[in-house]
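Residue numbers (our numbering): 4 to 494.
Note that beta-carbon positions come from the ideal geometry of N, C-alpha and C, so glycine has one too.
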Ligand SMILES: Cc1cc2nc3c(=O)[nH]c(=O)nc-3n(C[C@H](O)[C@H](O)[C@H](O)COP(=O)(O)OP(=O)(O)OC[C@H]3O[C@@H](n4cnc5c(N)ncnc54)[C@H](O)[C@@H]3O)c2cc1C
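Rendered as structure tokens:
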């Protein structure tokens, strides 16, 4: 609670003690208590036994274990009460925000520690999490990314130890452990070797394959132009992002986090001017509410830059902009009964074009990030099918000749929360407002890192520093000092 405590000092009194929700219970003073009139001629003993019976009924009712779904429906259905004050507010309830809520409540399981998640789209129709491909790999070039994904793998393997709820069916994130296969041309081969060394050193398990060996293991591949491949042997594959998000959220709620359906629209400030004091929220009912907080966390995915643009900026230090913006990415789903089949890793061609199996019935999904000059409009999530015909299919068909005969079935688009500075997560404190924390900018690899990011932010708040993984290189300071943390393997 180091960070909370230093904020408490700012306040001059215990913040946690002040954190009382506006929902107050109605209490009667003794003299207000309406007197019960015993009807003339009734036996007071039978009245007492009836009262005991009634009380027993109430105790029984209170003991009934409520279904988690009921609690969630309550959040969706009923008019919500926005707390006037909380300890930590998380802006955005996607995988990152919900993971943070879970870890915070897991670390501090005290009722008076109020964690509120503000989410403007509770159905997650445009959230990156639900529109993602759900890949998990350690084939990165940065130590921090490799380590976060290693923890992601450990977390998913033991997901029920973390997110399981007693009396509920076990959590199933549908992990498919078929690995990643990264292909390199002559130009990228040396880097692939270097990265593989680092990945294995840190605990990943992958091997390098020559073109002949590739052809041997994956006869469906055309090795023309390939110098080397790197195949993940364990801890890599893909999973269901929606299942992970739901599990994070259910567990966070069970542990006491509160979700508010509304949009964060701005902040208000302490009189001293050196800290944020509260959040302005427009609820789904259209009401504008002010909620005081000790700490705010920006986990608004692709829209995090917009949230931070609302922070008042009067002098130079305050005038920071968060370089995170939405970038539209298409995912195409196609059918190809003669395709590679079961033993198919998520394969990334050296052009950046990727594909993976989707289920067991000859269906695949694929995509490719456009060149900077080709970036599509982000106005809506419509899909450009010409992009598939012109930029994706030709590469796929060249690499896997069976894909020549594929049939496009469906498609969708989602937003990468794209960090224009160095395409990596920004995890740390605002340089001026010390009670504003960033957890965003993961640029297409955030869902697999959500367990590690949630844990890291909880450490920053509760312990005052990163404890398990040192993510200080991903702090906002790198942007001020112009020291990018460049990741080679961005898809
Ligand atoms: C096509 C595609 C494929 C991907 N593939 C992978 C992959 O294979 N592996 C991987 O690890 N990652 C992948 N990603 C990236 C991954 O989806 C993201 O990094 C991750 O989901 C980010 O989670 P988040 O919680 O930060 O963002 P989101 O899931 O977008 O959640 C942010 C939430 O904030 C809410 N919000 C925004 N503004 C406000 C506001 N003002 N007030 C209140 N709420 C607000 C939004 O409604 C949203 O629900 C992919 C992304 C896309 C688009």
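Check	Outcome
Identify the residues that DSSP records as bridge partners of residue 331: which are they?	418
Going along the chain, which unbroken runs of the beta strand (DSSP E) with 3 or more residues stay wholly within the segment 226 to 287?	231 to 237, 261 to 272, 279 to 286
Take residue 373 as the anchor and find which of 353, 332, 363, 343 has the nearest alpha-carbon.	332
Just the Cα atoms here: how many angstroms apart are residue 260 and residue 117?	7 Å
Which two residues bound the contiguous beta strand (DSSP E) that contains residue 122?	118 to 122
From 445, 413, 397, pick the residue whose C-alpha is nearest to that of residue 367; which is it?	413
Less than 7 Å separating the Cβ of residue 352 from some heavy atom of ligand 1?	no
For residue 437 versus residue 278, is the C-beta distance shorter than 8 Å?	yes
How about residue 255 and residue 230: do their beta carbons lie closer than 8 Å?	no
Please state the DSSP three-state secondary structure of residue 359.	strand
Return the chain-ordered list of same chain residues with a C-beta closer than 7 Å to the C-beta of residue 31, the five sequence neighbours on each side being excluded.	With a pLDDT of only 31 at residue 31, under 50, the local geometry of the prediction cannot be trusted, and the value read off the model is given with reservation. Here the set comprises nothing.
By the three-class DSSP mapping on this structure, what secondary structure does residue 385 have?	coil
Decide yes or no for the touch test of the segment 129 to 140 against the segment 279 to 297: beta carbon pairs closer than 8 Å, at least 3 of them.	no
Less than 7 Å separating the Cβ of residue 337 from some heavy atom of ligand 1?	no
Just tell me which of 365, 337, 330, 335 has its CA closest to the CA of residue 344.	365
Is any non-hydrogen atom of ligand 1 found closer than 7 Å to the C-beta of residue 124, if you look at the structure I gave you?	yes
Can you tell me whether residue 433 is buried or exposed, with buried defined as 16 or more other CB within 10 angstroms of its CB?	buried
From what residue to what residue does the alpha helix (DSSP H) around residue 162 run?	162 to 166
Use the C-beta contact count for residue 57: other C-beta atoms within 10 angstroms, 16 or more gives buried, fewer gives exposed.	exposed
Going along the chain, which residues of its own chain have a beta-carbon closer than 8 Å to the beta-carbon of residue 176, five neighbours each way excluded?	159, 162, 242, 243, 246, 247, 250
With a Cβ-Cβ cutoff of 8 Å, do residue 475 and residue 469 count as a contact?	yes
Buried or exposed: where does residue 486 fall if 16 or more other Cβ atoms within 10 Å of its Cβ makes it buried?	exposed
Within 10 angstroms of the Cβ of residue 54, are there 16 or more other Cβ atoms? Answer buried if so, exposed if not.	exposed
Would a C-beta distance cut-off of 8 Å place residue 393 and residue 400 closer than the cut-off?	no
Name, in chain order, the residues that DSSP records as bridge partners for residue 299.	92, 439
With distances taken between CB atoms, is the gap from residue 3 to residue 354 smaller than 8 Å?	Any question about residue 3 goes unanswered here, given that the chain covers just 4 to 494.
Just to check my reading of the structure: residue 404 and residue 264 have Cβ atoms closer than 8 Å, yes? What is that Cβ distance to the nearest angstrom?	Between residue 264 and residue 404 the Cβ distance is about 49 Å, and since that is not below 8 Å, they are no contact.
Note the first and the last residue of the continuous beta strand (DSSP E) segment covering residue 209.	208 to 212
Taking 7 Å as the cut-off, is the C-beta of residue 423 nearer than that to any heavy atom in ligand 1?	no
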